[in-house]
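Numbering of the sequence shown is given in the numbering used here, commencing with residue 54 and proceeding in unit increments. From the three backbone atoms N, C-alpha and C, an ideal C-beta is built for every residue, glycine too. Only one structure is covered here, and it is reproduced in the block below.
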Amino acid sequence: MRDHVHDTARKEAHVGKYELYKDAGSQYRFRLKAGNGEVIATSEAYTTKAAAQKGIASVQANASSDTVDLT
Numbered sequence: 054m055r056d057h058v059h060d061t062a063r064k065e066a067h068v069g070k071y072e073l074y075k076d077a078g079s080q081y082r083f084r085l086k087a088g089n090g091e092v093i094a095t096s097e098a099y100t101t102k103a104a105a106q107k108g109i110a111s112v113q114a115n116a117s118s119d120t121v122d123l124t
C-alpha cells in the first residue's frame, strides 16, 4: 500500500503544473496543482521572482525523493 501511495504522489507531481503568482502583499509565491486542478502544495512567500523560481526548481528536484512514513 505504501508503495502505491508513493507512486501515485510521484505521478501526480509530474502531471501537475506550477503556478507562479504575486500575492496581495506583492510577494511571489507558487502553487502546485495536480492534473485534476486541485492545489496540492503552496509555497512560502519570496521577495523576488528569481527566488520563487529557485523554490520551484527545488521542489521539482526533490519531489522524486522517497516518502518516509512516520505514522
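Can you tell me whether residue i is helix, strand or coil according to DSSP?
i, result
"Ala-116", "coil"
"Ala-94", "strand"
Buried or exposed: which applies to residue i, given that a residue is buried once 16 or more other Cβ atoms fall within 10 Å of its Cβ?
i, result
"Leu-85", "buried"
"Ala-114", "exposed"
Please report the Cβ distance between residue i and residue j, rounded to the nearest whole angstrom; I am assuming they are in contact, meaning their Cβ atoms lie under 8 angstroms.
i, j, result
"Asp-76", "Ala-98", "6 angstroms"
Given a cut-off of 8 angstroms, decide if residue j and residue i are closer than it, judged by their beta-carbon atoms.
i, j, result
"Ala-116", "Phe-83", "no"
"Tyr-81", "Thr-95", "no"
*asked:* Below 8 angstroms, how does it come out for the region 67–84 and the region 107–116: are there three or more Cβ pairs, yes or no?
replied: yes
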